[in-house]
Amino acid sequence: MRERMTERSELAAEVTHQGGRYQVLVGWGLLDDLGRRVADEGLKGPAYIVSDDRVFSPYGRLAQRSLEKAGIPTHCFIIPAGESSKTLEVAQGIYQWLVEMRAERRHPIVAVGGGVVGDLAGFVAATFLRGMPFVQVPTSMAAMVDASIGGKVAVDLPQGKNLVGSFYQPRLVLADVAALATLGKRELAEGWAEAIKHGLILDADLFAVFEEHAEDLMDLEPELSTDVIRRSVAIKARVVSEDEKETLGRRILLNYGHTIGHAIEAATGYGRYLHGEGVSVGMTGASIIGRELGLTDQGLVDRQRRVLERFGLPTGARDVEPDDLFRAMLLDKKTESGSIRWVMLEDVGRAVVTRDVPGELVERTVRGLLGP
Ligand SMILES: NC(=O)c1ccc[n+]([C@@H]2O[C@H](COP(=O)([O-])OP(=O)(O)OC[C@H]3O[C@@H](n4cnc5c(N)ncnc54)[C@H](O)[C@@H]3O)[C@@H](O)[C@H]2O)c1
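The C-terminal position of the sequence shown is numbered 374 in this note's numbering, with every residue numbered one higher than the one before it.
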C-alpha cells in the first residue's frame, strides 16, 4: 500500500544550525513528492542519487522518477548494501564518477537508503568540490529517526567505525514511512528501539504510545507509525539544534543505552547484534545501574523491559563474553579522558548524565546481562 495518506502536516521538524535551517518531512507515500520538494529548495539538477543494491529498486527508482517529473535530471550510483561499503575506497569511486559526470558545486547529492548510504553520500557531499548540496531520503527506520538528522557524516576505517567524518547538514530530509514495509521484522524492531529511546530520555507521552500500541507499531499501522516517527524525529531534531556539534552536553543524552550497546556490537564483530538490539540491552543495563545508584526506580526498570520485550528486542546477551565487552567499552571513542559518561533515567522523559559510576557496579551489572 503506497497511496498517499491525507496530508496532515508532513513537516515533522525544522533543524537549526550555524549555517541555517532545514526541514525534516515525514509522510506515508511522500517519496512521490521528492522532486517538487527539492525544486522548492531552489536546487537545480542534475541530481546525483546514491543508493544501495537492496534499496535502489524500488525506492531509488521512485526518487529518480519524482525528480525527473519535476524537471531535475538524475544520475545514479549504486553501492553494495551493508556497512562494508562505508569506506574511503567506495567514497573514492563516487568521487571519480562525479568527476566523469562533470558534477558541479551547486548540483545536489541525494542519498536514498539506510544510514550507510546517508553517512557515505553525506561524506562525499561534504568533501567533493568542498561541499555540494545534500538531500537525505532515509529508507530504514534507523536512518529516519536517527542517522539522517543532525549532519553527522562519516566513513569507517579498518581500525574503527565512523573514524573519518564531519558535521555537514543536509538541505532537506524527506522520509517516506511506506518504505519501511519492505524491512524485515527484526530490522523494524531495532529501528523502533531508537525511537523508544527518544521517548525514554525526553518524552514520557511518546513512551506511553509505545506501551499502548507496541503490536500496531510492529505491524506498521500507517497513521500511527507516521505520527510516532514524526514525534521521534522532532526529539532528535530538537536535541541536535540545541547542540549541533556535540559540545554542550545535550546531544550526549541520545547515547542512552549506547555505552554497553556499542560495546556489544564491537565485541561480537558487528553482525550478530543489530545496532538497536545492542542499544536495547544497553538501556536495560543502564536502567539497572541507575537503580543501584538510587536514580531509577524498579517500576521504571520493569516498564522499560516490558516494552522492549513486546518489540521482540533483547534485554540480555547470553552469548557475549563479558571480558570482550569490557575491552570494547574501554576503546569506545565516547569515553572522555578515561572516564565514561553514562546516561541514566531519573524518570520516563527525564535523562541525566553522570560520570560517577563505580567500575565494580558496571562489572556486576554487565555480568548479570551477559555470559552463560
Ligand atoms: N549519522 C548519524 O548520526 C548516524 C546515527 C546512527 C547510525 N548511523 C550509521 O547508520 C548505519 C546504520 O544504519 P542502517 O541500520 O540504516 O544500516 P544500512 O544502511 O546498512 O541499512 C540496513 C539494511 O537495510 C536495507 N534497507 C534500507 N532500507 C530498506 C527498506 N526500506 N526496505 C528493505 N531494506 C532496506 C539496506 O539495504 C541494508 O541492507 C551505520 O553505519 C551507523 O554508523 C549514523
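Even for Gly, the Cβ is constructed at its ideal location relative to N, Cα and C. Every value quoted in this text rests on a predicted model; they were computed, and no experiment measured them.
Inclusion of arginine 56 in the 7 Å shell around ligand 1 follows from its C-beta lying nearer than that to a non-hydrogen atom of the ligand. For isoleucine 111, the beta-bridge partners assigned by DSSP are Tyr50 and Phe136. Note that the C-beta distance between alanine 330 and leucine 372 is not below 8 Å. Here DSSP, grouped into helix, strand and coil, assigns phenylalanine 79 to strand. Serine 243: member of the alpha helix (DSSP H) spanning 224-244, first to last residue. DSSP, reduced to helix, strand and coil, places leucine 372 within a strand of the structure shown. Within a 10 Å sphere around the beta-carbon of serine 341 sit fewer than 16 other beta-carbons, which makes this residue exposed. Rounded to whole angstroms, the Cβ separation of phenylalanine 79 and tyrosine 97 is 10 Å, and the two are not in contact under 8 Å. Secondary structure of phenylalanine 313 (DSSP, three-state): coil. If you look at glutamate 43, you'll find it isn't in any beta strand (DSSP E); DSSP assigns it neither H nor E. Residues Ile74 and Pro75 of the same chain have their beta carbon placed closer than 6 Å to that of glycine 47, with the five preceding and five following residues left out of the count. DSSP, reduced to helix, strand and coil, places glutamate 102 within a helical segment of the structure shown. Taking a C-beta distance under 8 Å as the contact criterion, isoleucine 231 and leucine 327 do not qualify as a contact pair. As computed with DSSP, glutamate 16 is found in a beta bridge with Gln25.
In this structure, the CA atom of isoleucine 111 is about 47 Å from the CA atom of glycine 301.
Annotated three-state conformation of lysine 163 is strand, per DSSP. DSSP places leucine 176 in the strand class (E or B) of the three-state scheme. Here the alpha carbon of leucine 250 sits roughly 43 Å from the alpha carbon of lysine 71. Taking a C-beta distance under 8 Å as the contact criterion, glycine 37 and serine 68 qualify as a contact pair. Counting only residues of its own chain and dropping the five nearest sequence neighbours on each side, alanine 236 has a CB closer than 7 Å to the CB of Ala14 and Ala15. Linking arginine 108 to arginine 343 through their CA atoms gives a straight-line distance of about 40 Å.
A residue is called buried when at least 16 other Cβ atoms come within 10 angstroms of its Cβ; proline 82 does not meet this threshold and is exposed.
Of Asp54, Val350 and Arg253, the smallest CA-CA separation from glutamate 213 is found for Val350. Of the residues Gly186, Val166 and Gly152, the one whose Cα lies closest to the Cα of leucine 174 is Gly152.
At least one heavy atom of ligand 1 lies closer than 7 Å to the C-beta of alanine 181.
Proline 160 is classed as exposed because its beta carbon has fewer than 16 other beta carbons within 10 Å across all chains shown. DSSP places aspartate 349 outside any alpha helix (DSSP H); the residue lies instead in the beta strand (DSSP E), whose first and last residues are 344-349. The straight-line gap separating the alpha-carbon atoms of valine 166 and glycine 259 is approximately 24 Å. Distances between the C-beta of alanine 83 and the heavy atoms of ligand 1 include at least one below 7 Å.
Around the Cβ of leucine 333, a 10 Å sphere holds fewer than 16 other Cβ atoms; the residue is exposed. Between ligand 1 and threonine 261, a heavy atom-to-CB distance of less than 7 Å is absent.
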